[in-house]
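Here is the structure we will look at, set down as structure tokens.
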Amino acid sequence: MSALVNAVEFVDRELTRLIQSTSFTENLLATTTSKLISEVFLLSFIILIGYESLYWSGIYLGLWEYHAKDIFTEIPIHCAHVYVRINVAPKDKIDRIREYYRLKQNRYNLLSWTTSNQIGSQVFEFEQFVKYHFEFSPEDFEMNAEPEYGSTISHLRDKILTIVSQSDLYRDYKNKKLEVMVFDSQNNEVGHDKDTHYLSKTYIETGNVIDCIILVDSI
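Residues in the sequence shown are numbered consecutively from 15, following the numbering used here.
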């Protein structure tokens with residue numbers, strides 16, 4: 015019992031010291047009633063902050079789940095439109111292409127800029143990327159298992175190949191075997207193992223500018 019009394023006295027003493035620490039709050043200790051109300055309020059606030067910090071930290075670290083996850087479900091935001099920069103390159107230079115985009119990730123390194131520009135001039139068929147604006151309407155994703163998440167990487171690849179087949183700009187490559195390399199908004203390659211993934215789940219969101227490279231077996 016004495017331990018409980020000592021604990022209460024300690025809490026009372028620390029709360030009193032905290033309230034007295036500023037001239038704005040020390041008047042709250044003028045009467046016993048105001049002191050009690052102030053200490054209860056302050057203690058409740060400290061407990062609430064501690065609980066919320068612990069609770070959300072646990073969710074972030076994966077120690078437990080949000081208690082109302084079945085009630086407040088995630089509202090997906092699908093990719094409504096995206097800007098795609100397209101270029102063409104020989105498939106046998108795929109390692110150089112990957113090096114080019116690895117260097118592009120170091121955007122604040124001037125040496126990386128110089129090296130990536132040199133690689134680009136050696137690898138890509140077009141001096142400048144050709145930029146397209148792709149919009150995704152319901153018919154582009156209504157056949158998906160979860161249409162609320164929008165289009166998939168596979169659908170984007172098909173959309174790009176359709177553009178290539180219909181444009182005279184790529185007439186020299188139409189009779190060749192083509193493959194599409196997709197890079198997300200952070201210049202990371204999106205491999206074929208993610209073809210069924212939704213754009214919004216692979217760092218390709220509405221309004222992003224991304225690069226896609228048409229790989230040609232032989233040029």
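Using N, Cα and C, we set each Cβ at its ideal position, and we do this for glycine too.
Cβ pair residue i, residue j closer than 7 Å
i, j, result
"Val-204", "Val-194", "no"
"Val-137", "Ile-111", "yes"
"Asn-222", "Val-96", "yes"
"Arg-121", "Asp-225", "no"
"Tyr-212", "Tyr-163", "yes"
"Asp-198", "Ile-177", "no"
"Ser-48", "Leu-57", "no"
"Tyr-251", "Ile-133", "Given a span of 15 to 233 for the chain in the structure shown, any question on residue 251 remains unanswerable."
"Asp-209", "Ser-168", "yes"
"Phe-140", "Asn-101", "yes"
"Ile-73", "Tyr-80", "yes"
Host alpha helix (DSSP H) of residue i (start-end)
i, result
"Ser-53", "Checking the sequence shown, residue 53 turns out to be Glu, not Ser. First-last of the alpha helix (DSSP H) with Glu-53: 46–74."
As assigned by DSSP and simplified to three states, the class of residue i
i, result
"Ile-33", "helix"
"Ala-94", "coil"
"Asn-101", "strand"
"Tyr-212", "strand"
Among the options, nearest to residue i - alpha-carbon criterion
i, options, result
"Asp-172", "Ser-214, Ile-228, Glu-113", "Ile-228"
"Asp-231", "Asp-26, Ala-103, Phe-155", "Ala-103"
"Ser-126", "Gln-132, Gly-134, Val-96, Leu-117", "Leu-117"
"Ala-94", "Thr-166, Ile-63, Gly-134, Asp-186", "Thr-166"
"Val-54", "Glu-153, Tyr-69, Leu-32", "Leu-32"
"Leu-175", "Tyr-163, Asn-189, Gly-164", "Asn-189"
"Arg-27", "Ser-168, Ser-37, Leu-50", "Leu-50"
"Asp-109", "Ser-130, Ala-17, Tyr-184", "Ser-130"
"Ser-135", "Lys-107, Phe-148, Glu-153, Asn-158", "Lys-107"
"Phe-59", "Ser-37, Gln-34, Leu-29", "Leu-29"
Element boundaries [beta strand (DSSP E), containing residue i]
i, result
"Leu-229", "223–230"
"Glu-302", "With the chain covering 15 to 233 only, the question about residue 302 has no answer from this structure."
Residue-level contact to chain C via CB, residue i, 7 Å cutoff
i, result
"Asp-182", "Of the chains in the structure shown, none is chain C; there is only one protein chain."
Residue i beta carbon near the ligand COA (any heavy atom closer than 6 Å)
i, result
"Pro-161", "The ligand COA is absent from the structure shown, which contains no ligands of any kind."
_Segments assigned beta strand (DSSP E), at least 3 residues, entirely inside the segment 171–208_ = If you keep only unbroken beta strand (DSSP E) runs of at least 3 residues inside the segment 171–208, you get 192–197.
*Kindly provide the ranges of any beta strand (DSSP E) runs that are 3 or more residues long and lie completely inside the segment 113–142, ordered along the chain.*
Considered as a whole, the segment 113–142 harbours no complete run of any beta strand (DSSP E) with no fewer than 3 residues.
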